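Heads up: the structure comes next, in structure tokens.
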Amino acid sequence: MFHANKQRYIINSQKSCVLQSKSNGTHSWNINGQVLKAHNTATHLGIKQDNGSKSGSKEVVPYRIQTARITVYALMGAGLHGLNGINPKVSLHLINCYVIPRLLLDVICLSAKDIKILSTYFFKLMKQIQHLPERTANTGTLLLLGQIPIEAVVHKRMLCTFSNIIANKNSVEYNIANRQLAIKTWTLKAGL
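Note that the sequence shown covers residues 185 to 376 in my numbering.
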């Protein structure tokens, strides 16, 4: 609130809400003298969050799959469909450019259950663009196109982000990571 007042802009209390997680007590939060409502789900910068699950991804993963499905339907006009569409390799390139970024947009911690749900959708999509039956083995589906599984895509993005943070030593993110590492090693040495 201090920053908002300093920069002379007003935060709208009707568009703001409180998302409490792991809190037993009830608190009243105020902006400009108005009490903010507590919600179970909230959207911030297009990223949906919830407080009903451990990692905040209970409602996020189905929403991401729905967004990816809408993107696939939008690309069908460009020929992204199974039997008489464009080449499956070109379809895979379209999926890698447009669908996967929308499927993995949120910056959240995915549980094993969430990754399994994403993988199920991804394998089904890969089989559809190759016009393969549902009973086709998942590994065969990926090997025919040379695609890595969605879990590997998530891990690849994590490593790329970590690499970008480590490479830029003058960034705020590098300082935060360095501080977290120092605190973690101190707590391990102290036996906490």
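Note that beta-carbon positions come from the ideal geometry of N, C-alpha and C, so glycine has one too.
If you're wondering where the values come from, they're calculated on a predicted model, not measured in any experiment.
Contact holds between the segment 310-330 and the segment 266-282, because three or more Cβ pairs, one in each stretch, are under 8 Å apart. Rounded to the nearest angstrom, the Cβ distance from ASN322 to PHE346 is 28 Å, too far for a contact under 8 Å. The Cβ-Cβ distance between LEU287 and ALA252 falls below 7 Å.
Taking the CA atoms as reference points, ASN271 sits about 12 Å from LEU328.
Secondary structure within the segment 272-325: not one fully enclosed beta strand (DSSP E) run of 3 or more consecutive residues is present. TYR305 is positioned such that its CB atom lies closer than 7 Å to that of ILE249. Between VAL245 and ILE284, the C-beta spacing is not below 7 Å. By alpha-carbon distance to THR255, the top candidate from LYS273, LYS190, LEU289 is LEU289.
The beta carbon of THR320 is closer than 8 Å to those of LYS311 in its chain, skipping five residues each way along the sequence. CA-CA distance, LEU203 to TYR257, rounds to 33 Å. In its chain, beyond the 5 residues on either side, GLY263, SER275 have a beta carbon closer than 7 Å to the beta carbon of GLY269. Residue pairing by DSSP puts ILE215 in a beta bridge opposite GLN218.
Taking VAL338 as reference, the option from CYS293, GLY330, ILE360 with the minimal CA-CA separation is CYS293.
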